[in-house]
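Okay, so here's the structure we're looking at.
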Amino acid sequence: MSSLLEPVVPEGLRRELADDDNEGFTLALLTVADGGWPHQALISIGEVVVLDDARLRLATWPTSTTTRNMTATGRCALVAVVDGDVVTVRLTLTPRGKVADLTTFDAHVVEVRSDTTPYATVETGIRFRLTDPAQAMARWRSTREALRAMA
28 MSSLLEPVVP
38 EGLRRELADD
48 DNEGFTLALL
58 TVADGGWPHQ
68 ALISIGEVVV
78 LDDARLRLAT
88 WPTSTTTRNM
98 TATGRCALVA
108 VVDGDVVTVR
118 LTLTPRGKVA
128 DLTTFDAHVV
138 EVRSDTTPYA
148 TVETGIRFRL
158 TDPAQAMARW
168 RSTREALRAM
178 A
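Residues in the sequence shown are numbered consecutively from 28, following the numbering used here.
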């Protein structure tokens, strides 16, 4: 059952994204591609930070389909499993330029939905295991620091 929530970054999602060592936490980043087809990418805590209750900052690869779609439409959605719920955050986007080799966007929360059911609990979403954790985590920390530092 889908419930409309207050249009702010949900507390559980804030908690997951605040943890700089949250290695396996994964979000689906949904955009709309040419022809109106949905496009899904997966991002980690290394590409998104929470700025305040209603804003996030995202970093994506500049030549990716996701970046092209976000630039063209000015919209995306983030989906994650948090505290047994599937949370979807719809965002409007403003391009911000580059950080390291990544394209950045400021994202404003437009709508938040939580999907639950009384007969089941979602235990986990998509997760990954890094093949070189030290290298990836160092890059993520650097990217997150740069995203937070942007004026």
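Glycine included, C-beta positions come from ideal geometry on N, C-alpha and C.
Using C-beta distances below 7 Å, list every residue in its chain close to residue i, excluding the 5 sequence neighbours before and after it, in chain order.
i: Thr93; result: Leu56, Thr58, His66, Ala68 and Thr87
i: Val108; result: Val149, Thr151 and Gly152
i: Ala60; result: His66, Thr92 and Asn96
i: Thr98; result: Pro122
Less than 7 Å between the C-beta atoms of residue i and residue j, yes or no?
i: Ala205; j: Val126; result: Because the chain spans 28 through 178 in this model, residue 205 falls outside it and cannot be assessed.
i: Pro37; j: Glu138; result: no
i: Ile72; j: Asn49; result: yes
i: Asp110; j: Gly39; result: yes
Leaving aside the five residues before and after residue i along the sequence, list all residues of the same chain whose C-beta is less than 8 Å from its C-beta, in chain order.
i: Val76; result: Leu44, Leu83, Arg84, Arg171, Leu174 and Arg175
i: Leu129; result: Glu74, Ala86, Thr87, Trp88, Pro89 and Thr170
Output the distance between the C-alpha atoms of residue i and residue j, rounded to the nearest integer angstrom.
i: Met28; j: Leu118; result: 21 Å
i: Ser3; j: His135; result: This structure cannot speak to residue 3, because the chain is shown only from 28 to 178.
i: Thr115; j: Gly51; result: 19 Å
i: Leu78; j: Pro145; result: 33 Å
i: Thr53; j: Arg123; result: 23 Å
i: Asp47; j: Trp64; result: 33 Å
i: Ala163; j: Leu157; result: 7 Å
i: Gly101; j: Leu120; result: 5 Å
i: Val113; j: Arg42; result: 15 Å
Taking Cβ positions only, does residue i come closer than 7 Å to chain B?
i: Leu118; result: The question asks about chain B, but that chain is absent: this structure has only one protein chain.
Once you ignore the five residues that flank residue i on each side, which residues in its own chain have a CB closer than 6 Å to its CB?
i: Ala104; result: Leu57, Thr115 and Arg117
If contacts are defined as beta-carbon pairs under 8 Å, then residue i and residue j qualify, I think. What distance do you get, rounded to the angstrom?
i: Leu25; j: Arg140; result: The shown model of the chain, from 28 to 178, leaves out residue 25, and the question about it has no answer.
i: Thr143; j: Met177; result: The pair is not a contact, with the Cβ atoms about 35 Å apart (cut-off 8 Å).
Practice task
For the stretch 41-66, list the beta strand (DSSP E) runs that are entirely contained and at least 3 residues long, ordered along the chain.
Solution key: Within the stretch 41-66, the complete beta strand (DSSP E) runs of at least 3 residues are 53-59.
Practice task
Run through the stretch 101-136 for me and flag every whole beta strand (DSSP E) of 3 or more residues, listed as ranges in chain order.
Solution key: 102-109 and 112-126
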